[in-house]
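In what follows, a structure is listed as structure tokens, so that the remarks can point back to it.
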Ligand SMILES: Cc1cc2nc3c(=O)[nH]c(=O)nc-3n(C[C@H](O)[C@H](O)[C@H](O)COP(=O)(O)O)c2cc1C
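Residue numbers (my numbering): 362 to 570.
As structure tokens, this is what we get:
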């Protein structure tokens, strides 16, 4: 079975996104681990947020929160909390995002999902459901965040290798936000990555019935 997904030459693309946009977001995008000194502006950081916020979450709960770490002083606080192999990667990034889930996300539900006013109380009465919902939807939004970084023309380097408890104590001492992922952001340096790793085949990952 053919796994070729390219549009036939000379015919209009069957995809909504142009080939260039698909390359930017998926097929040519890479996880960067080394960055140039090019700064990342406030406007770019806001543009990332202005994209990922639109992607869907269950009951529109939107539990993801973002701490952008950009000053040298703030990065000094973060670097020792990363796994040693990850420290030089974040040291080279002009901005590092600490993605977190807001355990108090229910506060905003009356605004975010007004159609069901009792939703806030229902979540707050069921800690297991609240935890599962925040955990799943913040991970979903973290993926949207990575694509939004790419969409504004920057490279992202997600990293799970860090001391989450230490990060929470250092940056979120009131306990409401809980870190889930660190993402290096910037312009990739020339040797920003190793060879592309393989992916599974369509037949290995998809069943069609
Ligand atoms: C949730 C997540 C956690 C990751 N954690 C780390 C990490 O701690 N250290 C690291 O070097 N790479 C980490 N990576 C990078 C992955 O290994 C990389 O994205 C994957 O191999 C795909 O690489 P590519 O985008 O260049 O094809 C992580 C990626 C994701 C999505």
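Ideal Cβ positions, reconstructed from N, Cα and C, are used throughout, including at glycine.
First and last residue of the uninterrupted alpha helix (DSSP H) at residue i
i: residue 449; result: 448 to 453
i: residue 410; result: 403 to 413
i: residue 460; result: Not the alpha helix (DSSP H): residue 460 falls in the beta strand (DSSP E), residues 456 to 463.
i: residue 442; result: Taken as a continuous stretch (DSSP letters only), residue 442 belongs to no alpha helix (DSSP H), as it is neither H nor E.
i: residue 550; result: Note, residue 550: premise wrong, no alpha helix (DSSP H); not H, not E.
i: residue 472; result: 470 to 473
Distance CB(residue i)-CB(residue j) smaller than 8 angstroms
i: residue 395; j: residue 552; result: yes
i: residue 469; j: residue 413; result: no
i: residue 462; j: residue 499; result: yes
i: residue 430; j: residue 540; result: no
For residue i, three-class secondary structure by DSSP
i: residue 387; result: helix
i: residue 424; result: coil
i: residue 557; result: coil
i: residue 431; result: coil
i: residue 569; result: coil
i: residue 515; result: coil
i: residue 536; result: coil
i: residue 487; result: coil
i: residue 362; result: With a pLDDT of only 37 at residue 362, under 50, the local geometry of the prediction cannot be trusted, and the value read off the model is given with reservation. In this structure, residue 362 counts as coil in the three-state DSSP scheme.
i: residue 523; result: strand
i: residue 506; result: helix
Proximal residues to residue i (C-beta, below 8 angstroms), its chain only, five neighbours per side dropped
i: residue 472; result: none
i: residue 364; result: Reliability fails at residue 364, whose pLDDT of 43 lies under 50, so the model's placement of it is uncertain and the value that follows must be treated cautiously. Answer for residue 364: 562, 563, listed in chain order.
i: residue 474; result: 420, 421, 422, 480
Extent of the continuous beta strand (DSSP E) to which residue i belongs
i: residue 379; result: Looking at the DSSP string, residue 379 is not in any beta strand (DSSP E), and its letter there is neither H nor E.
Own chain, CB closer than 6 angstroms to residue i, minus 5 neighbours either side, in chain order
i: residue 416; result: 505
i: residue 528; result: 442, 540
Beta-carbon contacts of residue i that lie in its chain and below 7 angstroms, excluding the five residues immediately before and after
i: residue 531; result: 438, 442
i: residue 509; result: 409, 412, 413
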